[in-house]
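Trainee:
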Amino acid sequence: MTLNVKKPSINVDGTFKKGNVQSSLYVRDEEDFCPECGAKLTTDSGRAEISCSRCGLVIDENRIDMGPEWRAFYHEQRDKRTRVGAPRTNTIHDGGLSTVIDWRNKDGQGRNIPIKNRAQLYRLRKWQRKIRVSGSGERNLAFALSEIDRNSSNLSLPRSVREDASVIYRKAVNRNLIRGRSIESVVSASLYAACRRCNVPRTLDEIASASKVTKKDVGRTYRFLSRELNIKLAPTSPSDYVPRFASKIGLSTEVQSKAIEIIEKSSKLGLTSGKGPTGIAAAALYIASVLLGERKTQKEVADVAGVTEVTIRNRYKELSEKLDDFKW
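For the sequence shown, this note's numbering assigns the number 141 to the initial residue and increments by one for each residue that follows.
(1) Closest by CA to LEU463, which one among ILE403, THR451, LEU425?
(2) In whole angstroms, give me the CA-to-CA distance for ARG453 and ARG310.
(3) Among THR437, SER191, PRO227, GLY419, whose alpha-carbon lies nearest the alpha-carbon of LEU237?
(4) How should TYR456 be labelled, buried or exposed, when 16 other C-beta atoms within 10 angstroms of its C-beta is the threshold for buried?
(5) Are the Cβ atoms of GLU189 and ASP200 separated by less than 8 Å?
(6) Go ahead and pull the three-state DSSP assignment for PHE173.
(7) Restricting to Cα atoms, I'd like to know which of GLY207, ALA212, LEU181, VAL353 is closest to VAL198.
(8) To which residues does DSSP link GLU189 through a beta bridge?
(9) If you draw a straight line from the C-alpha of LEU331 to the C-alpha of GLY196, how long is it?
(10) Under the DSSP definition of a beta bridge, which residues are partnered with LYS246?
(11) Helix, strand or coil for VAL114, going by three-state DSSP, please let me know.
(12) Measure from the C-beta of ILE371 to each C-beta in chain D and report whether the shortest distance is under 8 Å.
(13) Which same chain residues, not among the five before or five after GLU449, have their C-beta less than 8 Å away from its C-beta?
(14) Which residue wins for smallest C-alpha separation from ARG223, given the options ASP234, SER349, ARG211?
(15) So the alpha helix (DSSP H) LEU365 belongs to, where does it begin and stop?
(16) If you follow the alpha helix (DSSP H) that GLU450 is part of, which residue opens it and which one closes it?
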């Protein structure tokens, strides 16, 4: 293959200029360098070629653009010109591919629907909801995924956790693991597993409180799903709970760092083995707040962590005695 050498004219603003045509230019990844002079390569999307920014050597030309045929120069213009919908999602029973009639009484141009047509629109919306779900299986799946979305909102969980919980629930349905168990308990167990897998720690008490299912049922169903679906998860670290607990009671980042340091030292000495991670995190936060002069009462910390004051006192006593030789 023969490499053609071209010396394009480059404007000050970082664009190529060829006659009356101006095209965008951007520097490629750092590992892409010119074989002749070693300078970084640049991609000119307008001329569909890759060239060296220093010597002008053309590495590749007539490249195929896999993007849309239209161009957009700002975000609002991109939104107006795009012709595709949202990507597929596991949080909706049909993958988000079906049509939804919006609840707002407006047409495609944003104008209000006339009052005389609103009754017809209401009936269309009602029938659209019905035909989206066919059969009891899809109806139960739709209900379960809506419960995952509702509980995730109550727990302020990110989108990635909702997607993962929906995948776990779908796998349970496909393996026929729902039989004999309530939808709510399987939903809660799926959410708990997703939280742990995505490193977004939530306690069993928090999951149970949001879903109105007992903690015992959530734990039992979670262990069953983990065994049947081969979900392998590492034990939750007390450090994972520190930032969330600290922000809820208004402790500074210095206190958080000190609490994590206490937890790490305690872990090296084996003081956290067999202890609940929330209790260790709460005690470490309490100790750190006292040491750095941002003292909070044991009750305040206990309420945020979902443990008792007795638990904090016991963990505080254990940690303070064993870590007495360390420089706080």
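We put the beta carbon where it would ideally sit given N, CA and C, even for glycine.
Only a predicted model underlies this, so the values are computations on that prediction, with no experimental measurement involved.
Mentor: Once the coordinates are examined:
(1) When each option's Cα is compared against that of LEU463, the closest is ILE403.
(2) 43 Å
(3) PRO227
(4) buried
(5) yes
(6) strand
(7) For VAL198, the closest C-alpha among the options GLY207, ALA212, LEU181, VAL353 is that of LEU181.
(8) ASP184, GLU201
(9) 54 Å
(10) ASN252
(11) The first residue shown for the chain is 141 and the last is 468, placing residue 114 beyond what the model contains.
(12) Among the protein chains of the structure shown there is no chain D, as only one such chain exists.
(13) GLN438, LYS439, ALA442
(14) ARG211
(15) 355-368
(16) Before going further, note that residue 450 is Val rather than Glu in the sequence given. First-last of the alpha helix (DSSP H) with VAL450: 449-462.
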